[in-house]
Every structure is written in structure tokens, then in C-alpha cells.
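What follows is a set of notes on a single structure, which appears directly below.
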Amino acid sequence: MHLNPLHSTTSYWLDSAPFQNPPESPLPSKADVVIVGAGITGMSTAYWLQQIRPDLSVVVVDARGVSSGATGRNELVQAYGISSAEQVVEFDRRNIVALKEFLKQHGDNDKGWFDPELTWQKHGMIMAWATPEEVEEAREGAESLVRRFSGYRVLSADEIREITKLDGFYGGLQIKTAGAVWAAKIVFCLARAVQNHAVIATHTRVQHVKRVGDICQVHTSRGVIEAGRVAYCTNGWTRDLLKQFGDHLVPVRNQVLSFRANESTRKMDFLLSANKGYQYMSQRPNGDIIMGGMRNIVPNKQEYEDDDSTLNLTVSCALRRFMRDTIKVSDTVDREWSGVMGFSIRDGFPFVGELHHFGLDRQFIAAGFTGHGMPRTFLCGHAMAQLLADQPLDSWFPEQFLVQHPSRHYLQKGSKM
0 MHLNPLHSTT
10 SYWLDSAPFQ
20 NPPESPLPSK
30 ADVVIVGAGI
40 TGMSTAYWLQ
50 QIRPDLSVVV
60 VDARGVSSGA
70 TGRNELVQAY
80 GISSAEQVVE
90 FDRRNIVALK
100 EFLKQHGDND
110 KGWFDPELTW
120 QKHGMIMAWA
130 TPEEVEEARE
140 GAESLVRRFS
150 GYRVLSADEI
160 REITKLDGFY
170 GGLQIKTAGA
180 VWAAKIVFCL
190 ARAVQNHAVI
200 ATHTRVQHVK
210 RVGDICQVHT
220 SRGVIEAGRV
230 AYCTNGWTRD
240 LLKQFGDHLV
250 PVRNQVLSFR
260 ANESTRKMDF
270 LLSANKGYQY
280 MSQRPNGDII
290 MGGMRNIVPN
300 KQEYEDDDST
310 LNLTVSCALR
320 RFMRDTIKVS
330 DTVDREWSGV
340 MGFSIRDGFP
350 FVGELHHFGL
360 DRQFIAAGFT
370 GHGMPRTFLC
380 GHAMAQLLAD
390 QPLDSWFPEQ
400 FLVQHPSRHY
410 LQKGSKM
């Protein structure tokens, strides 16, 4: 296992980005709240704490720079039932609305590092079925979503081909409202919004946390911070600090590449997720195409892989083959990189809440977004801020996300899967 390597592959999203340099100021010795992880969840938590309890002192620490990690499921109805599905779908909708409102207030519109370049797609998101077996597995759940929620549509193979101009798919599910966004820039907007209230300590690796009475001693590579409460927003690197989650929240490495569109490349007006999400593709406003996935073709699907400083050659070759055979373009790649996601193995839902049952009072978690963080992290950060401020959660927050939910009985001290 690699402990959150200090140097990663060079991401398309982070080249010359802000908030990446080591801090010049000394590390504070005390704070009301220490947030571990400067990704979208950690920064969302800091932002909402600023709104809810501006009197609290907050330090956000990260082993690298801000947003340096990796940043609609058909089976939702079958697995959790109609009422659960409705609550989760409604939460995702609320999250997107809240995030759009935040960006109106705190985002720029100049193509710079604080402009997330949100681009709504004419045909939304196409979740394409790549095999007859996937059709059998996914159709019932997709049709249930269409019956219960507006904004979904089941597509035939011909309709998929008409929209995407791509062959080889057997139908799919269309999410009519979807947009592409530069996710790291959302995190930079959050960081800019909180930088005068919270201390952002980049290049500060947390080594361990020790409870001493009512104080949590956060031991880092730059010293110790005494905190009243600690929030772990560590996603794929959670098990480095919380061994209790080692069997339940696992790192998963994913590879992504970018290539420049040529004259023969059709302008995409849709987002594509195919083969159960193992292939996905979108196009930037400047024409660059971002494509990732293919981890399903290697042993263990790159689960328990937390080293984003390397690439898997087999996956790299498969991505290029998809470019040639499916997209019908040359396999000339502009950039390729990897990122680490945090997967909640049992149910796919994030873990949110205080860690009482591990004997870790005053310590909280929001992690394990299973590659589905954009529709959930902003308001999960809001929930974390409420918990850290001793406020009740909103009634619309999905109880299935809570670490103490009855379905998560396996999360007991010392439990194994």
C-alpha cells in the first residue's frame, strides 16, 4: 500500500493550478475543528462551517495540494426500494441546485482557475448498455426510474446510435439534465471562499490522531494541532488513518486520458457512461475529449490500489483501443493520468457521521463516494458542518448515508466483512 504518494501523475485538471504550493505560514497549534482532506468534501465542510458557525477556528490539512485526489445508478430502485431511491434522487437534485447557487455567488466566468466551465449537454447523460447481459440486469431498474422520476428515458440501440453516432451499444438510460464541469475548479472556488476564515495547510500529511481527554491531537508532518473535533474527508485514503474502514471503504485507482478533437471528431452534446460505468467520456468546451475507465479488464479492477503516481499499461492500451475502434479516431494522446477514488464496498453509499461505535468520539467522517461524488459531496459537507456544530441534520438528508444506519451493522469495532 502506498500512503497517499506525495507526487502523482500529472492531471489535465491540475496543470499550473492554484493552492498547490507548500504553505509559508506556520501550522496553528490549536483549532476548534481540523478537517483532513482538501478535496471537494473537505472544502465543502469548511465552507458550510463558515456559514453555520463562523466563530469556530478551522484548519484544513492535506498531504498534497487542494483538490489533488480524484474527484445515477440503474440498480438503485432494486437494491433499496422506492422510498429510499426517491430520497437519494431528491438529495442528488438538491445538491446540484445548491452547488449551482454557490457557483453563481463565488465562481468566475473568465475561463480562469475559478471558472468551473459548467456546460449543459443537449442530450444529458447517456448510460449505455454494452452487452445483452447488461441489458437484462439494468432494464428493470431503469424502467422503474422512468416510472417514478421525471428526467429519465430508456433508449433503444438505434436511439443510442442516433444520439452518439457510436456503434456497439444495446440501449441505455438517458438522464435528460446533465452537465460537464471542471470539478477541481469548484474546489478552488470553495478554497477561495474560505481562505480568510480557515487555515488551508497544504503539504501537511496527517500521520495519526490521538484522543487526550476532550482534545484530539492531530499529529502531522509539520507538527501537532490540538483540535476540539476532527473531520475525515479522506475518501480513497481513509484506511490510512481509520484502519476500521479497511474492509469497507477501499481505494480504487482509475485512469483517464485526454486527446484533442480533430475535424472528423463530432462535437459531443452528451456525456457518455458505458458498460456499468467502466468506460466514460465527455468533451471540454475547448474541444478536448476526456475519456477514462477500463479498470474492469485487469485483476481486482484496481481495487485496493492507492498509488496515483503510476499507470497500468493494460488499461492504457485498452483506452487507446476504445479510441480507435469505437470513437474512430487515432490513438494519439495529449495526456494520461490516474486518480484514487474511495469505494463503499457494501452499498455504494458514502459514510457520514460521528464515529461513536469505534470509540472515536468527537471524530467524524464523510467519505466513500464510490465515483459518485459530484452529485453528493457539497451537501454531505453541509451535513458534516451541522454535525460538527452540534446541529440536527435536515430531514431530507438520506439516513442510508449515516454510519449508524441499521443496514450498516457490519461497522462495528473490529468487525470484518
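Numbering that gives the first Met the number 0 applies: residue 0 is where the sequence shown begins, and numbers increase by one.
Heads up, the beta-carbon is just placed ideally off N, CA and C, and yes, glycines get one too.
- Tryptophan 119 and arginine 283 have their C-alpha atoms roughly 11 Å apart.
- A Cβ-Cβ separation of about 7 Å places methionine 293 in contact with glutamine 254 under the 8 Å criterion.
- Proline 397 counts as buried, since at least 16 other C-beta atoms from the protein chains shown sit within 10 angstroms of its C-beta.
- Per the DSSP secondary-structure output, glutamate 158 pairs with nothing in a beta bridge.
- Residue environment for aspartate 307: buried (at least 16 other C-beta atoms within 10 angstroms of its C-beta).
- Here valine 249 really is in contact with tyrosine 303; their C-beta atoms are around 6 Å apart, less than 8 Å.
- One thing to note: valine 229 has its Cβ no nearer than 8 Å to the Cβ of valine 65.
- Look at methionine 383 here: in three-state DSSP terms it is helix.
- When Ile344, Arg204, Arg320, Ala388 are compared, the shortest CA-CA separation from valine 251 is found for Ile344.
- Under the three-state reduction of DSSP output, tyrosine 46 falls in the helix class.
- Of all C-beta pairs linking the segment 318–326 to the segment 225–245, fewer than three are shorter than 8 Å, placing the two stretches out of contact.
- The C-beta distance from glutamate 225 to serine 24 rounds to 18 Å, too long to meet the 8 Å contact threshold.
- Out of Arg52, Ala129, Glu132, Val57, the CA that lies nearest to the CA of alanine 37 is found in Val57.
- When secondary structure is reduced to three states using DSSP, glutamate 132 falls in the helix class.
- The Cβ atoms of valine 145 and valine 134 do not sit closer than 8 Å to each other.
- If you draw a straight line from the Cα of glycine 178 to the Cα of threonine 163, it is about 16 Å long.
- Ranked by Cα distance from phenylalanine 348, the options Val402, Glu335, Leu270 are led by Val402.
- When secondary structure is reduced to three states using DSSP, serine 308 falls in the coil class, being assigned neither helix nor strand.
- Threonine 176 is classed as exposed because its beta carbon has fewer than 16 other beta carbons within 10 Å across all chains shown.
- A straight line joining the alpha-carbon of phenylalanine 113 with that of leucine 98 spans about 14 Å.
- The criterion of a C-beta distance shorter than 8 Å is not satisfied by serine 43 and leucine 240.
- Here histidine 105 carries a helix assignment [DSSP, helix/strand/coil].
- Pairing glutamate 116 with glutamine 104, the inter-Cα distance amounts to about 14 Å.
- The shortest CA-to-CA distance from leucine 55 to any of Lys121, Gly170, Ala45 is the one to Ala45.
- Tryptophan 112 carries a coil assignment under DSSP once its states are collapsed to helix, strand and coil.
- Collapsing the DSSP output to three states places glycine 338 in a strand.
- Straight-line spacing of the CA atoms in threonine 219 and phenylalanine 400 works out to 29 Å.
- In the structure shown, the three-state DSSP call for valine 96 is helix.
- Beta-carbon to beta-carbon, methionine 290 and leucine 312 are separated by about 17 Å, too far to satisfy the 8 Å threshold.
- Under DSSP, glutamate 353 takes part in a beta bridge, and its partners are Phe363.
- With fewer than 16 other Cβ atoms from the protein chains shown falling within 10 Å of its own Cβ, asparagine 261 counts as exposed.
- Annotated as proximal: arginine 375 and phenylalanine 368, with beta-carbon spacing under 8 Å.
- A straight-line Cα-Cα distance of about 20 Å links histidine 355 and tryptophan 236.
- In its chain, beyond the 5 residues on either side, Trp47 have a beta carbon closer than 6 Å to the beta carbon of histidine 381.
- Arginine 252 carries a strand assignment under DSSP once its states are collapsed to helix, strand and coil.
- The C-beta of aspartate 157 has fewer than 16 other C-beta atoms within 10 Å across all chains shown, which makes the residue exposed.
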